[in-house]
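When we follow this note's numbering, the leftmost residue of the sequence shown carries the number 1, and every step to the right adds one. Ideal Cβ placement from N, Cα and C applies to all residues, glycine included. Below: the structure, in structure tokens.
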Amino acid sequence: MYFGRALKSYGQAEHWNNNSGWRKALHVGRHFMNPIKFISISLVGMLFLSFRPSIYPVYITGHIRSDPKEASFDSSYLIIYVKGNGKVLARSTSDKLGNFKMTFLPGDEKSFDFFCTGAGIDSIFLKSFVSFESDEPDITFYFPAKRSTNKLGQITCPKCVKADKVYRIVYGDGIPFKRIITNGDTVYTPIYKGKYNAGTCVDGVAKYYCGRDKIKF
Ligand SMILES: [Zn+2]
């Protein structure tokens with residue numbers, strides 16, 4: 001009885017081992033490579049695969065349009081640029097109809113922030129992307145960006161989607177810059193009484209400023 005049970009369990013073990021090719025492979029592998037070396041090489045391989053930068057450029061077909069709900073601004077011959085990790089990645093100019101093409105190589109940027117500027121126009125934030133749906137995205141940008149509000153009806157920033165640091169931009173010299181004295185240094189801030197002083201008499205496209213992202217929109 002005892003002998004029979006032992007023989008049976010031995011037979012089961014043998015059968016299981018025969019069907020497990022990976023187990024054999026691991027066993028063979030151990031003869032050639034010590035486990036620490038094996039793990040280190042695997043980890044280096046995994047790191048290489050996960051942090052490999054993109055080798056494919058993004059070809060953007062862009063269109064600058066005015067929001068029909070807002071005042072219409074001329075979107076022809078504007079300079080469009082994209083920033084990632086604080087660096088300008090690419091630049092382009094819109095044609096007469098506000099269309100443009102742009103190519104750049106994405107890397108490890110946290111986001112891709114599109115801005116535009118032109119004659120008499122400050123740098124205006126258009127839109128931010130974390131990734132692109134394809135290598136050849138077709139994107140419509142609103143100039144200025146479409147206004148969004150939170151539950152309280154406050155204008156939210158198109159980048160951080162928060163309202164707490166958003167200021168209405170005031171054009172003209174009527175509003176003074178606020179003077180702050182810290183450690184004996186005098187610092188002027190354009191934010192005064194909840195408004196952002198653009199310090200120019202030219203009425204701009206941007207109506208709001210986000211102090212968190214330091215962008216006009
Ligand atoms: Zn913001």
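Asked: CA-to-CA distance, Lys37 to Lys207, given in whole angstroms; Found: 60 Å
Asked: Beta-carbon proximity list for Thr149, same chain, < 7 Å, skipping 5 on both sides; Found: Ile155, Thr156
Asked: Distance, Pro68 Cα to Tyr209 Cα; Found: 21 Å
Asked: Heavy atom of ligand 1 within 6 Å of Lys159 beta-carbon; Found: yes
Asked: Proximity below 7 Å, CB of Ile80 to CB of Phe100; Found: yes
Asked: beta-carbon Cys218 near ligand 1 non-hydrogen atom, thresh 6 Å; Found: Coverage of the chain is limited to positions 1 through 217, which leaves residue 218 absent and any answer about it impossible.
Asked: Closer than 6 Å: Arg212 CB and nearest ligand 1 heavy atom; Found: yes
Asked: Arg168 versus Tyr59: straight-line alpha-carbon distance, rounded; Found: 35 Å
Asked: DSSP-derived helix/strand/coil call for Ala206; Found: coil
Asked: Under 7 Å between C-beta atoms of Ile64 and Phe129; Found: no
Asked: Contact set for Thr103: own chain, Cβ-Cβ below 8 Å, skip 5 residues either direction; Found: Pro57, Val58, Tyr59, Ile60, Ala90
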